[in-house]
Each structure stands twice: as C-alpha cells, then as structure tokens.
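**Student:** Starting off with a structure, shown below.
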Amino acid sequence: MSKKKKIILSTLLSILSIAILYGILFYFSFFQGFVTVKDNKIQSKLLPNDDFKSPYTPKLNFKNTKEELVYDVKVNMLSNIDSSIPVIKKSQRHYIPLDYVCKTLGYNLNKSNNTFTISNSNHTITLNETSYIKGNESLYLRGNILTNNNQYFISISDIEEIFNLISVYTFENKTINILKSPQSNIQNNSSEKTSNGKIALVRLEDFTAGEGISSEANQPKFKAMANFLNNSGIKYHIAWIPRFKAPNDNIDNDLLTVDTFENAAFINLLDYFINHGALIGLHGYTHQAGDSRSAVGTELSRKVNSSEDETRAVIENAINTATALNIPFGFFESSHYKASSAQKSIIEEYFQYIYEPKNYLIYTKLQKTKNNNLYIPTPLSYVRDLDANPIIKMLNKPTPGLLASFFYHSTKELDFIEVDTSNNVFDVNYSIESPLQQIVKSLNENKYITTHVTELKN
Numbered sequence: 011m012s013k014k015k016k017i018i019l020s021t022l023l024s025i026l027s028i029a030i031l032y033g034i035l036f037y038f039s040f041f042q043g044f045v046t047v048k049d050n051k052i053q054s055k056l057l058p059n060d061d062f063k064s065p066y067t068p069k070l071n072f073k074n075t076k077e078e079l080v081y082d083v084k085v086n087m088l089s090n091i092d093s094s095i096p097v098i099k100k101s102q103r104h105y106i107p108l109d110y111v112c113k114t115l116g117y118n119l120n121k122s123n124n125t126f127t128i129s130n131s132n133h134t135i136t137l138n139e140t141s142y143i144k145g146n147e148s149l150y151l152r153g154n155i156l157t158n159n160n161q162y163f164i165s166i167s168d169i170e171e172i173f174n175l176i177s178v179y180t181f182e183n184k185t186i187n188i189l190k191s192p193q194s195n196i197q198n199n200s201s202e203k204t205s206n207g208k209i210a211l212v213r214l215e216d217f218t219a220g221e222g223i224s225s226e227a228n229q230p231k232f233k234a235m236a237n238f239l240n241n242s243g244i245k246y247h248i249a250w251i252p253r254f255k256a257p258n259d260n261i262d263n264d265l266l267t268v269d270t271f272e273n274a275a276f277i278n279l280l281d282y283f284i285n286h287g288a289l290i291g292l293h294g295y296t297h298q299a300g301d302s303r304s305a306v307g308t309e310l311s312r313k314v315n316s317s318e319d320e321t322r323a324v325i326e327n328a329i330n331t332a333t334a335l336n337i338p339f340g341f342f343e344s345s346h347y348k349a350s351s352a353q354k355s356i357i358e359e360y361f362q363y364i365y366e367p368k369n370y371l372i373y374t375k376l377q378k379t380k381n382n383n384l385y386i387p388t389p390l391s392y393v394r395d396l397d398a399n400p401i402i403k404m405l406n407k408p409t410p411g412l413l414a415s416f417f418y419h420s421t422k423e424l425d426f427i428e429v430d431t432s433n434n435v436f437d438v439n440y441s442i443e444s445p446l447q448q449i450v451k452s453l454n455e456n457k458y459i460t461t462h463v464t465e466l467k468n
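Have a look at this one:
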C-alpha cells in the first residue's frame with residue numbers, strides 16, 4: 011500500500027473513530043435527557059439545585075419610579091365613565107381610586123391597619139400594599155397600592171385580575187374600557203389534569219413594544235390568546251425584547267423614557283400574560299445592533315457587543331428596564347442563539363436559566379453547568395410559516411428522551427382571532443384551525459404537562 015493511501019486510510023479511520031465515540035457519548039447523554047413528571051414533581055438527572063443567586067443588584071426599581079396625576083385619560087368601567095376621578099400613572103401603568111372601583115362593582119371596602127378587605131355576597135378579597143389573597147391563593151399585585159392625597163389607588167392590571175375583568179385601550183381618545191371577562195367565549199382544549207407524564211415547554215418569541223404587537227387592534231387579540239392558553243391549562247413563556255429599535259425608521263421605543271398611552275397598553279398586556287400563565291424572560295435588551303431592526307438583528311455574538319463591558323451593558327440594561335417596570339423575569343435568551351461562549355459565561359452570572367442550547371455540540375438536551383445554571387434548548391424548533399404539522403407530528407410520536415420544547419412567533423396567530431368590543435362586551439371568534447390551537451390540542455390529547463423553565467430544579 012502506498013504512503014499516500016495509508017495516510018488517507020489513517021485519516022478516514024480517525025474520522026470514523028471520532029464519529030463512533032461522539033455517537034456513543036451523544037447516545038448516553040441523549041437518553042439522560044428524559045424529563046418527566048411523577049406525582050406532580052419534575053424528575054430528571056440534569057436539574058440544578060434551587061440555590062442560585064445572582065450577585066447583581068439592579069440599579070433601577072419600581073418603588074422609586076415617579077408617580078404623577080394624568081388628566082387626559084378616561085376610564086370606562088362597565089359603561090360607567092366618571093371624568094372627575096383622578097388617574098395616576100407610574101411605570102407605564104394607570105391607577106384609579108380603589109374606593110371608586112369597589113363602589114362601581116358592588117363591593118364593600120374596609121381597611122384595618124395596612125390591610126384592605128373587599129367583599130360582596132360571593133367573594134372576600136384581602137389586599138395589602140404588594141399582594142392579595144383571593145380564595146386560598148396568595149398573589150403579588152402587578153402595580154402595588156399607591157396613596158395620593160389620603161386616597162388609595164389600584165392599577166388597571168390588578169383590577170382586571172382581582173375582579174375577573176378585562177381592559178381594552180382605545181388609543182385615539184385615550185380611554186381604558188373595562189369589560190366583563192370573556193373566558194366563557196374562549197375555546198377550552200384542556201384535558202383532565204394528570205400528575206404523571208412528559209413535560210413540554212412552550213415559548214412565544216420576539217415579544218416587544220413595536221411592530222404589530224403594539225397596535226390597538228392587536229392587543230385585544232393577544233389577550234384572547236392569553237385566555238385561550240390559560241383556559242387550556244398551558245404554562246408558557248414570553249421572550250420579551252425590552253427596548254424596540256428601528257433606526258432606519260427613527261424609532262427608539264425605550265419604555266423607561268417614552269411615556270405614551272400606547273406603551274401603557276403594552277405593559278398592561280404583559281401584566282395580563284403574567285396573570286394568565288406566562289413566565290417572562292429577557293430576550294436580550296434590543297435584539298439588534300447598529301442600524302438593524304429589533305427582532306431581526308443580532309445583539310450578542312463573537313462580533314457584536316463582544317467585550318465584557320458591552321455584554322454586561324446589554325444584560326444589565328434589560329434587567330434594569332424590567333425591574334423599573336415591575337416585570338418579573340425568569341430566564342435569558344440571546345438573539346438567534348448567537349451569544350459566544352465567553353458571553354454565555356457572563357450571562358450565567360446573572361441568570362440561572364438560559365433558554366437556548368449550550369452550544370452546537372449540545373444542541374438538543376438540557377445542560378447543567380458547574381455553577382448551577384441550566385441551558386434549555388428547543389429541539390422541536392419553531393412553527394415555520396403557518397405550518398404546525400412538523401411540531402404536532404413530533405408531539406404525537408415523540409422521540410424517546412427528546413425534550414418537547416419549541417417556540418412560536420405569536421404574531422402569526424393574529425389572523426385567526428377576531429375581537430369585537432363595540433357593545434362594551436369582549437366578544438371573541440378564535441379559529442380552532444390556528445397553529446397554536448392545533449398545537450395545544452396535541453399537547454393535551456397526548457397528556458403533556460407544560461411547565462415553566464424555573465420549575466426545572468431539584
């Protein structure tokens with residue numbers, strides 16, 4: 011055998027050996043990736059401990075943001091408009107007097123020390139500055155109780171949740187219309203709850219105060235979507251881009267400085283998602299760089315914001331925006347999964363859960379780091395165009411050990427939803443042929459248990 015042939019043969023054998031070794035390692039690591047629920051507890055060998063703490067203290071917080079009376083916003087509560095009631099704005103939320111709300115809705119209001127009791131013949135709600143108890147459940151307020159001129163104010167978002175109502179923002183005349191909850195009008199695909207089974211992870215991608223998401227017509231559709239997911243028993247995630255930028259169109263929508271009625275409507279929408287089953291995550295800060303457009307451009311990569319200071323600025327700006335607006339968050343996701351290994355090492359200091367693959371070699375399975383972080387991939391990929399069938403097929407006939415995790419650009423769902431509020435009623439027509447409805451049907455028929463990434467812990 012010639013020397014040249016020996017070299018070629020040796021090279022081929024080396025490549026084959028590496029491939030076999032990698033295949034063996036992949037096989038065993040792949041089948042460690044089973045994540046199931048048994049007796050309502052998530053089971054896996056790959057979960058981190060519940061003791062992660064970020065060393066970073068946000069520089070901005072909700073408590074210290076300004077409060078101001080606004081005089082150009084009207085509130086229409088169940089067809090009652092009282093232009094004399096004061097309206098406060100804080101961190102892109104509107105607040106109205108708590109006593110007015112209770113009187114209009116037929117509730118009694120009593121205060122003892124720092125606790126309010128709100129009651130009628132059917133319900134009793136206990137409320138303090140930051141939280142409330144309704145039934146047996148204790149929950150945090152989205153906006154806290156404010157005090158102005160010896161009067162107590164509650165946010166529109168909290169009125170919706172506590173009193174089972176829904177708000178629709180009319181931009182032209184700056185009116186907040188508060189209507190009865192539409193839950194009975196939403197298709198419910200939930201199956202009987204099970205305490206044992208496979209988990210699934212659902213993420214709504216590229217959610218930001220820009221493009222079609224912020225329009226007056228679309229925000230009620232997103233609330234209908236939130237109702238559908240919540241009524242169907244689906245826990246899900248929203249990958250939020252905190253600052254929308256489109257430099258070529260001279261748009262820079264910084265929610266901390268651009269104080270508009272439209273942005274208040276967007277924060278109300280985020281609050282509504284949070285109250286209806288969503289876990290918010292930070293999808294970078296602007297999801298762009300230079301002249302590129304948010305949700306299109308890349309913000310973190312080997313070539314973009316690659317220095318340590320630049321990377322930290324992206325992360326900390328996103329965190330500070332969220333904390334100033336009182337938006338709780340549970341994970342980070344870099345734009346297009348492009349963050350470099352060096353950037354990911356920095357991200358790991360701030361976040362326990364990084365909702366993307368660890369790297370290209372570990373692309374489809376959970377990966378726990380030595381510092382107790384968890385990388386969560388999306389092996390089922392995403393809905394391309396409007397075709398949910400590839401994901402549905404993988405849900406119906408799952409590959410053993412493959413995590414049922416995927417994402418969906420929720421703006422694709424909008425053409426399948428119609429909302430009519432013309433008669434002060436939130437009427438919804440939501441096509442069961444929509445990609446999201448079809449996916450949820452498959453999830454529930456196959457008895458998947460949807461979970462939040464923050465529940466993946468020992």
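Count along the sequence shown starting at 1, add 10, and that's the number in the working numbering.
Positions of the beta carbon are idealized from the N, C-alpha and C atoms, including for glycine.
Nearest to THR218 by CA position, among SER205, ALA210, LEU292, is which residue?
**Tutor:** The residue you call residue 218 lines up with position 208 of the sequence shown. Of the candidates SER205, ALA210, LEU292, the one whose C-alpha sits nearest the C-alpha of THR218 is LEU292.
**Student:** Taking LYS451 as part of the alpha helix (DSSP H), name the residues at either end of that continuous run.
**Tutor:** By one-based count along the sequence shown, residue 451 stands at place 441. 445-455 is the span of the alpha helix (DSSP H), which, as asked, contains LYS451.
**Student:** Under DSSP, the beta strand (DSSP E) around ILE98 begins and ends at which residues?
**Tutor:** Along the sequence shown, read from residue 1 onward, the residue named residue 98 stands at position 88. 97-100 is the extent of the beta strand (DSSP E) around ILE98.
**Student:** Measure the CB-CB distance between ILE469 and PHE342 and report whether it falls below 8 Å.
**Tutor:** The requested residue 469 does not occur in the structure, where the chain is confined to residues 11 to 468.
**Student:** Between PHE254, TYR246, GLU465, GLN102, which lies nearest to ILE223 when the distance is taken from Cα to Cα?
**Tutor:** Working through the sequence shown from its first residue, we reach residue 223 at position 213. Of the candidates PHE254, TYR246, GLU465, GLN102, the one whose C-alpha sits nearest the C-alpha of ILE223 is PHE254.
**Student:** Would ILE402 pass as a contact of SER444 if the rule is Cβ separation under 8 Å?
**Tutor:** Working through the sequence shown from its first residue, we reach residue 402 at position 392. Working through the sequence shown from its first residue, we reach residue 444 at position 434. Not a contact, by the Cβ cut-off of 8 Å.
**Student:** Hey, would you say ALA288 sits closer than 8 Å to ILE248, going by beta carbons?
**Tutor:** As a position in the sequence shown, residue 288 is number 278, starting the count at 1. As a position in the sequence shown, residue 248 is number 238, starting the count at 1. Yes, Cβ-Cβ distance for ALA288 and ILE248 is below 8 Å.
**Student:** Mind checking who LEU149 pairs with in its DSSP beta bridge?
**Tutor:** Within the sequence shown, the letter at position 139 stands for residue 149. Partner(s): TYR142.
**Student:** Is the separation between the beta-carbon of LEU424 and that of THR374 shorter than 8 Å?
**Tutor:** As a position in the sequence shown, residue 424 is number 414, starting the count at 1. As a position in the sequence shown, residue 374 is number 364, starting the count at 1. Cβ atoms of LEU424 and THR374: not closer than 8 Å.
**Student:** CB-CB under 8 Å to LEU90, same chain, minus the five flanking residues each way: which ones, in chain order?
**Tutor:** Position 80 of the sequence shown, counted from the start, is the residue given in the question as residue 90. Sequence inspection shows Asn at residue 90; the Leu mentioned does not correspond to that position. So the qualifying residues of the chain are THR114.
**Student:** Are there three or more Cβ pairs, one per stretch, closer than 8 Å when the stretch 306-317 is compared with the stretch 347-361?
**Tutor:** Contact between the stretch 306-317 and the stretch 347-361 is present, because at least three Cβ pairs lie under 8 Å.
**Student:** Assuming TYR469 and SER165 make a contact with CB atoms under 8 Å, what is their CB distance in whole Å?
**Tutor:** Nothing about residue 469 can be read from this structure; the chain reaches only from 11 to 468.
**Student:** Rounded to the nearest angstrom, what separates GLY243 and HIS297 at their Cα positions?
**Tutor:** In the sequence shown, residue 243 corresponds to position 233, counting from 1. In the sequence shown, residue 297 corresponds to position 287, counting from 1. Between GLY243 and HIS297, the C-alpha separation is close to 30 Å.
**Student:** Is ALA323 buried or exposed, if buried means 16 or more other CB atoms sit within 10 Å of its CB?
**Tutor:** In the sequence shown, counting from the first residue as 1, residue 323 sits at position 313. Exposed: under 16 other Cβ atoms inside 10 Å.
**Student:** If you scan the stretch 154-238 from start to end, which runs of the beta strand (DSSP E) of 3 or more residues do you find wholly inside it?
**Tutor:** Entirely contained in the stretch 154-238, the beta strand (DSSP E) runs reaching 3 residues are, in chain order, 156-158, 161-165, 175-180, 185-190, 207-218.
**Student:** Excluding the 5 residues flanking SER54 on each side, which residues of the same chain have their C-beta closer than 6 Å to its C-beta?
**Tutor:** Reading the sequence shown from its first residue, position 44 is the one you call residue 54. So the qualifying residues of the chain are VAL45.
**Student:** Ignoring anything shorter than 4 residues or poking outside the stretch 257-328, list the alpha helix (DSSP H) runs there in chain order.
**Tutor:** Complete alpha helix (DSSP H) runs here, min 4: 271-284.
**Student:** Give me the Cα-Cα distance between ASN198 and GLU320, rounded to the nearest whole angstrom.
**Tutor:** Stepping through the sequence shown from its first residue, residue 198 is reached at position 188. Stepping through the sequence shown from its first residue, residue 320 is reached at position 310. The pLDDT assigned to ASN198 is 49, lower than 50, so where the model puts this residue is not dependable, and the model offers no usable value.
**Student:** Compare the Cα-Cα distances from MET87 to each of ASN330, LEU189, PRO387, ASN146 and report the closest residue.
**Tutor:** In the sequence shown, residue 87 corresponds to position 77, counting from 1. The residue with the shortest Cα to Cα distance from MET87 is LEU189.
**Student:** Label TYR370 either buried or exposed according to how many other C-beta atoms from any shown protein chain fall within 10 Å of its C-beta, with 16 as the threshold for buried.
**Tutor:** Sequence index remark: in the sequence shown, residue 370 carries index 360 (1-based). So TYR370 counts as exposed.
**Student:** Contact check, ILE449 vs ALA398 under 8 Å by CB: the rounded distance?
**Tutor:** Along the sequence shown, read from residue 1 onward, the residue named residue 449 stands at position 439. Along the sequence shown, read from residue 1 onward, the residue named residue 398 stands at position 388. About 5 Å; that satisfies the 8 Å criterion.
**Student:** Taking only runs of the alpha helix (DSSP H) that begin and end inside the stretch 394-452, which ones reach a length of at least 4 residues, in chain order?
**Tutor:** The qualifying runs are 399-406.
**Student:** Identify, in the order they occur along the chain, each residue of the same chain with its Cβ nearer than 8 Å to the Cβ of PHE41, setting aside the five sequence neighbours on each side.
**Tutor:** For the purposes of this step, residue 41 is taken as the residue at position 31 of the sequence shown. Only weak support exists for where PHE41 lies, its pLDDT of 46 falling under 50; the value from the coordinates is given anyway. PRO410, GLY411, listed in sequence order.
**Student:** When you compare only the Cα positions, how much space is there between GLN367 and LYS380?
**Tutor:** Along the sequence shown, read from residue 1 onward, the residue named residue 367 stands at position 357. Along the sequence shown, read from residue 1 onward, the residue named residue 380 stands at position 370. The amino acid at residue 367 is misidentified as Gln; the sequence shows Pro. Cα to Cα, PRO367 sits roughly 16 Å from LYS380.
**Student:** Once you ignore the five residues that flank PHE38 on each side, which residues in its own chain have a CB closer than 6 Å to its CB?
**Tutor:** Here residue 38 is taken as the residue at index 28 of the sequence shown, counted from 1. Unreliable placement is indicated for PHE38, whose pLDDT of 40 sits below 50; no coordinate value is reported for it.
**Student:** Just the Cα atoms here: how many angstroms apart are GLY33 and LEU151?
**Tutor:** As a first step, residue 33 is located in the sequence shown; it is residue number 23 there, counting from the start. As a first step, residue 151 is located in the sequence shown; it is residue number 141 there, counting from the start. Per-residue confidence for GLY33 stands at a pLDDT of 49, beneath the threshold of 50, marking its modelled position as unreliable; the derived number appears in the next sentence. Rounded to whole angstroms, GLY33 to LEU151 spans 50 Å at the Cα level.
**Student:** Rounded to whole angstroms, what's the CA-CA distance from ASP259 to ASP269? Just pull it up for me.
**Tutor:** On the sequence shown, residue 259 is found 249 positions in, with the first residue counted as 1. On the sequence shown, residue 269 is found 259 positions in, with the first residue counted as 1. One C-alpha to the other measures close to 19 Å.
**Student:** Here's the rule I'm using: 16 or more other beta-carbon atoms within 10 Å means buried, otherwise exposed. How should VAL435 be labelled?
**Tutor:** Sequence index remark: in the sequence shown, residue 435 carries index 425 (1-based). So VAL435 counts as exposed.
**Student:** Assuming THR333 and ASN71 form a contact by the criterion Cβ under 8 Å, report the distance between their Cβ atoms to the nearest whole angstrom.
**Tutor:** Along the sequence shown, one-based indexing puts residue 333 at 323. Along the sequence shown, one-based indexing puts residue 71 at 61. Their Cβ separation, rounded to whole angstroms, is 5 Å, which keeps THR333 and ASN71 in contact under 8 Å.
**Student:** Hey, how far is the Cα of VAL438 from the Cα of PRO96?
**Tutor:** The count along the sequence shown starts at 1 and reaches residue 438 at position 428. The count along the sequence shown starts at 1 and reaches residue 96 at position 86. Distance between the alpha carbons of VAL438 and PRO96: 31 Å.
**Student:** What distance in whole Å lies between the Cβ atoms of LEU265 and THR204, which are believed to be in contact at a cut-off of 8 Å?
**Tutor:** Mapped onto the sequence shown, residue 204 falls at position 194. Mapped onto the sequence shown, residue 265 falls at position 255. No, THR204 and LEU265 are not in contact; Cβ-Cβ is about 39 Å, not under 8 Å.
**Student:** Figure out for me which residue from ILE329, GLU272, ILE325, ILE337 has the closest Cα to the Cα of THR355.
**Tutor:** Sequence index remark: in the sequence shown, residue 355 carries index 345 (1-based). The identity of residue 355 in the sequence shown is Ser, whereas the question assumes Thr. Of the candidates ILE329, GLU272, ILE325, ILE337, the one whose C-alpha sits nearest the C-alpha of SER355 is ILE325.
**Student:** Are the CB atoms of ILE372 and SER477 within a distance shorter than 8 Å?
**Tutor:** Residue 477 cannot be examined here, being either before or after the span of the chain that is shown, 11 to 468.
**Student:** To which residues of the same chain is GLU78 closer than 8 Å at the C-beta, ignoring the five residues directly before and after it?
**Tutor:** For the purposes of this step, residue 78 is taken as residue 68 along the sequence shown, with counting starting at 1. So the list reads ILE98, LYS99, LYS100, once near-sequence residues are dropped.
**Student:** Out of PHE417, ASN456, GLU182, which has the shortest C-alpha to C-alpha gap to ARG394?
**Tutor:** Numbered from its first residue, the sequence shown carries residue 394 at position 384. Of the candidates PHE417, ASN456, GLU182, the one whose C-alpha sits nearest the C-alpha of ARG394 is PHE417.
**Student:** Is the beta carbon of LYS422 sitting closer than 8 Å to the one on LEU384?
**Tutor:** Within the sequence shown, the letter at position 412 stands for residue 422. Within the sequence shown, the letter at position 374 stands for residue 384. Result no, Cβ atoms of LYS422 and LEU384 do not sit closer than 8 Å.
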